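Notes to accompany the following structure.
There are 2 protein chains.
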Amino acid sequence: MINEAIRDKLALNSPSNAFNIADFGCSVGPNTFIAVQNIIEAVELKYHGNHQNHQSLEFQVFFNDHTNNDFNTLFKNLHHNHPRKFFAAGVPGTFHGRLFPKSSLHFGHSSFALQWLSKTPSEVLDTKSPAWNKGSIHCTGFHTEVAEAYSSQFKNDMETFLNARAQELVNGGLLVIIMPALQDGVLLSQSSIGVTFDLLGSCLQNMAQSGIISQEKVEAFNLPIYISPAKGLEALLQRNGFFSVEKIDRITSNMNTNTLTAQFLTSQLRAVTEELIKGHFGSEIVDAVFELFNIKLSENWFSIMDTKNQKFMDLFIILSRNFSD
Amino acid sequence: MINEAIRDKLALNSPSNAFNIADFGCSVGPNTFIAVQNIIEAVELKYHGNHQNHQSLEFQVFFNDHTNNDFNTLFKNLHHNHPRKFFAAGVPGTFHGRLFPKSSLHFGHSSFALQWLSKTPSEVLDTKSPAWNKGSIHCTGFHTEVAEAYSSQFKNDMETFLNARAQELVNGGLLVIIMPALQDGVLLSQSSIGVTFDLLGSCLQNMAQSGIISQEKVEAFNLPIYISPAKGLEALLQRNGFFSVEKIDRITSNMNTNTLTAQFLTSQLRAVTEELIKGHFGSEIVDAVFELFNIKLSENWFSIMDTKNQKFMDLFIILSRNFSD
Chain L
0 MINEAIRDKL
10 ALNSPSNAFN
20 IADFGCSVGP
30 NTFIAVQNII
40 EAVELKYHGN
50 HQNHQSLEFQ
60 VFFNDHTNND
70 FNTLFKNLHH
80 NHPRKFFAAG
90 VPGTFHGRLF
100 PKSSLHFGHS
110 SFALQWLSKT
120 PSEVLDTKSP
130 AWNKGSIHCT
140 GFHTEVAEAY
150 SSQFKNDMET
160 FLNARAQELV
170 NGGLLVIIMP
180 ALQDGVLLSQ
190 SSIGVTFDLL
200 GSCLQNMAQS
210 GIISQEKVEA
220 FNLPIYISPA
230 KGLEALLQRN
240 GFFSVEKIDR
250 ITSNMNTNTL
260 TAQFLTSQLR
270 AVTEELIKGH
280 FGSEIVDAVF
290 ELFNIKLSEN
300 WFSIMDTKNQ
310 KFMDLFIILS
320 RNFSD
Chain E
0 MINEAIRDKL
10 ALNSPSNAFN
20 IADFGCSVGP
30 NTFIAVQNII
40 EAVELKYHGN
50 HQNHQSLEFQ
60 VFFNDHTNND
70 FNTLFKNLHH
80 NHPRKFFAAG
90 VPGTFHGRLF
100 PKSSLHFGHS
110 SFALQWLSKT
120 PSEVLDTKSP
130 AWNKGSIHCT
140 GFHTEVAEAY
150 SSQFKNDMET
160 FLNARAQELV
170 NGGLLVIIMP
180 ALQDGVLLSQ
190 SSIGVTFDLL
200 GSCLQNMAQS
210 GIISQEKVEA
220 FNLPIYISPA
230 KGLEALLQRN
240 GFFSVEKIDR
250 ITSNMNTNTL
260 TAQFLTSQLR
270 AVTEELIKGH
280 FGSEIVDAVF
290 ELFNIKLSEN
300 WFSIMDTKNQ
310 KFMDLFIILS
320 RNFSD
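Chains as they are written, first to last, in numbering that gives the first Met the number 0: chain L, 0 to 324; chain E, 0 to 324.
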């Protein structure tokens with residue numbers, strides 16, 4: 000799909016110098032290397048076909064993630080990932096703001112990063128607010144004011160992301176976004192990922208009841224994650240004046256429940272939430288949280304794996320930077 | 000001096016986009032941030048005076064060091080070093096080769112990095128070679144064949160460094176190099192730093208005699224550091240066809256021996272050589288090496304601090320990228 004996007008939608012003359020690619024939310028690899036490799040091969044193919052000057056084209060790839068991402072590991076993985084056809088750089092900092100000079104990128108990429116909010120909306124932690132998310136650690140969808148607070152933070156974050164990228168990308172450049180979304184009418188707690196968040200929340204509640212962690216700490220903890228309804232996300236992208244929506248493809252994630260194990264799902268959730276739990280509750284309780292989660296998941300396996308909870312999809316989005324400002 | 004260099008020698012039209020700076024051998028800060036801040040202020044001053052368009056000029060700064068440099072610490076230090084006027088990126092990899100696309104840098108900087116060789120010349124570790132450096136861990140200067148092997152490796156490394164930078168810098172761009180050099184006719188073991196290397200070597204010999212480390216390991220250990228005679232370095236720079244030597248200033252490092260302590264000097268040497276010793280002998284012996292070094296340094300303080308050993312200087316070098324290839 001990236002190949003097609005570059006062939007059909009990349010509206011650039013052959014860059015005189017280097018072709019600059021950035022991956023926003025790269026983590027430590029190897030997924031980011033695979034994505035970048037795909038992009039480079041597609042660009043080489045395009046310029047080889049059209050301009051016969053692919054040999055002189057050089058690539059510079061910028062790997063972006065939070066400052067507390069483990070760039071040392073990223074760079075070591077990159078170093079062992081020979082041969083590579085590009086010059087590499089790591090760029091620390093939040094992508095909800097400018098990271099690059101004006102018009103310095105030809106291609107942006109972001110995979111499974113934009114569901115992360117820049118922060119948990121403050122109202123959902125405020126016991127005096129109608130949006131107080133009592134008894135839950137995420138945006139289940141059942142509580143309207145909570146959903147609105149999360150949705151509003153998400154809109155704000157998507158706008159700051161897109162507006163920053165609009166400045167950094169050259170006119171005609173492409174931005175590919177892959178991110179999870181909900182089917183219309185489905186609430187997060189009715190989806191497979193929402194059910195696991197609920198289960199994680201119940202583990203923290205149990206540990207508070209046992210006095211291992213404080214009730215106040217649990218009430219002050221909400222995941223800064225928002226899975227948008229697909230339609231809302233599409234409307235938000237259409238509304239941004241800097242980009243044209245070239246493509247939105249819906250890819251339904253059908254987990255093969257036959258080969259899944261509780262341990263595997265636990266390790267997946269741990270990879271996603273461990274740093275947050277460590278930061279909020281302290282590193283000494285992390286093992287206990289996920290041991291309890293693993294037990295509860297095994298005990299409730301069949302209700303959690305219920306196929307009516309699998310209404311979850313990923314969106315493959317291609318935006319092109321408009322020529323007019 | 001950097002200010003003057005940028006004012007008088009930077010032969011660039013105002014860059015249309017960003018002004019790109021790279022620091023080669025940046026370590027983890029804060030020295031690299033101070034250097035970069037100086038460069039940016041001088042460039043802003045120049046374009047403010049000449050072109051009145053400094054407000055639209057953005058800066059992108061690339062921090063380069065080996066892949067095993069602690070970029071996580073660099074990025075955290077950078078993050079806490081507010082406010083900053085530039086977009087930052089870390090670039091892992093050896094500077095004895097290409098790191099950036101062609102003509103993508105306007106200013107290169109390297110401070111106290113080019114005395115590090117890409118490797119210890121193999122002859123000096125070869126017991127069958129006339130250049131075998133028996134009984135020493137560095138290029139003392141007393142052994143002609145050893146000095147030639149080190150000097151040849153240094154020439155080779157300087158050439159690969161300069162040739163790579165020549166491709167990466169735009170025509171008219173500047174390369175500032177600060178590096179140690181020896182006064183003409185002085186051997187390394189006659190300089191303050193050479194004396195401390197000799198002392199470190201004697202510590203390793205003592206530990207081998209005591210059976211703490213093996214004699215073979217000590218014989219297979221030589222520092223990949225070369226302090227060139229100033230004249231030889233100047234000739235080497237003059238010979239490179241890609242750059243013009245705009246300035247070479249000699250700055251004599253006069254250590255204030257009154258305020259120096261053995262502990263301070265030991266910590267300085269440890270900062271420079273710890274990783275090498277750890278990599279070669281194992282981390283478990285590092286503390287013992289520098290404890291012994293500290294004792295020996297205290298015992299021999301007056302002979303080591305002898306002013307006739309201070310014939311040591313730093314060179315401040317400005318090269319400009321020629322317009323003709």
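For every residue, glycine included, the Cβ atom is placed at its ideal position computed from N, Cα and C.
Computed from a predicted structure; not experimentally measured.
- Excluding its 5 nearest sequence neighbours in each direction, F141/L has C-beta neighbours in its own chain below 7 Å: L186, S188, listed in chain order.
- The beta-carbon separation of L11/E and H105/E, rounded to 6 Å, stays under the 8 Å limit for a contact.
- Neighbours of G89/L in chain E, taken as residues whose beta carbon is under 7 Å from its own, are F70, A88, G89 in chain order.
- For G193/L, the enclosing alpha helix (DSSP H) covers residues 191-208.
- Beta-bridge annotation (DSSP): N19/L is paired with Q59/L.
- Identification of chain E residues near P228/L by a Cβ-Cβ cut-off of 9 Å yields none; the smallest Cβ-Cβ distance measures about 34 Å.
- With contacts defined as CB atoms closer than 9 Å, A87/E and Q59/E qualify as a contacting pair.
- Residues of the same chain with a CB within less than 7 Å of the CB of R164/E, apart from the 5 flanking positions on each side, are G107, L174 in chain order.
- As the crow flies, the alpha-carbon of T31/L is around 27 Å from that of Q182/L.
- Look at the beta carbons and you see the region 125-132 of chain E not touching the region 231-245 of chain E: under three pairs across the two are nearer than 8 Å.
- At a cut-off of 9 Å between beta carbons, K101/L contacts chain E.
- Pairing W300/E with S191/E, the inter-Cα distance amounts to about 12 Å.
- A straight-line Cα-Cα distance of about 5 Å links R320/E and N170/E.
- Per the Cβ contact rule, the region 194-205 of chain E is in contact with the region 284-303 of chain E (3 or more Cβ pairs under 8 Å).
- Across the set F315/L, L236/L, C25/L, A4/L, the C-alpha of F315/L shows the shortest separation from the C-alpha of M178/L.
- Contact between the region 120-129 of chain L and the region 91-98 of chain L is absent: fewer than 3 CB-CB pairs across the two stretches fall below 8 Å.
- Closer than 9 Å to the CB of H78/L there is at least one CB belonging to chain E.
- For H105/L, there is no enclosing alpha helix (DSSP H); the enclosing beta strand (DSSP E) covers residues 104-110.
- Distances from the CA of F74/E to each of G28/E, L268/E, P228/E were compared; the closest alpha carbon is that of G28/E.
- Under the three-state reduction of DSSP output, S150/E falls in the helix class.
- Between E158/E and L235/E, the gap from beta carbon to beta carbon is short of 9 Å.
- A check of alpha carbon separations from K230/L across L77/L, P100/L, I247/L, A34/L identifies I247/L as the nearest.
- Between the alpha carbons of L232/L and N37/L lies a distance of about 26 Å.
- DSSP places V285/E inside the alpha helix (DSSP H), whose first and last residues are 285-298.
- Proximity of chain L to F61/E at the Cβ level (cut-off 8 Å) is accounted for by A88, in chain order.
- Interface flag for F322/E against chain L is unset, since no Cβ pair is found closer than 9 Å.
- By the Cβ-count criterion, Q152/E is buried, with 16 or more other Cβ atoms from all chains shown falling within 10 Å of its own Cβ.
- Ranked by Cα distance from I224/E, the options F280/E, T258/E, A112/E are led by A112/E.
- When only Cα atoms are considered, R269/E and N80/L end up about 32 Å apart.
- Of all residues in the region 8-33 of chain L, only N16, A17 place a beta-carbon less than 7 Å from a beta-carbon of chain E.
- Taking 9 Å as the cut-off, the beta carbon of S150/L is found closer than this to the beta carbon of S227/L.
- Within its own chain, the residues whose Cβ lies closer than 8 Å to the Cβ of N68/E, once the five positions on either side in sequence are excluded, are C25, S26, V27, P91, listed in chain order.
- Approximately 6 Å separates the beta-carbon atoms of A21/E and N63/E; this is inside 8 Å, confirming the contact.
- Bounds of any beta strand (DSSP E) do not take in G184/E, whose DSSP letter is neither H nor E.
- Bounds of any alpha helix (DSSP H) do not take in D313/L; it lies within the beta strand (DSSP E) bounded by 311-320.
- Interface annotation, G92/L: in contact with chain E, CB-CB separation under 9 Å.
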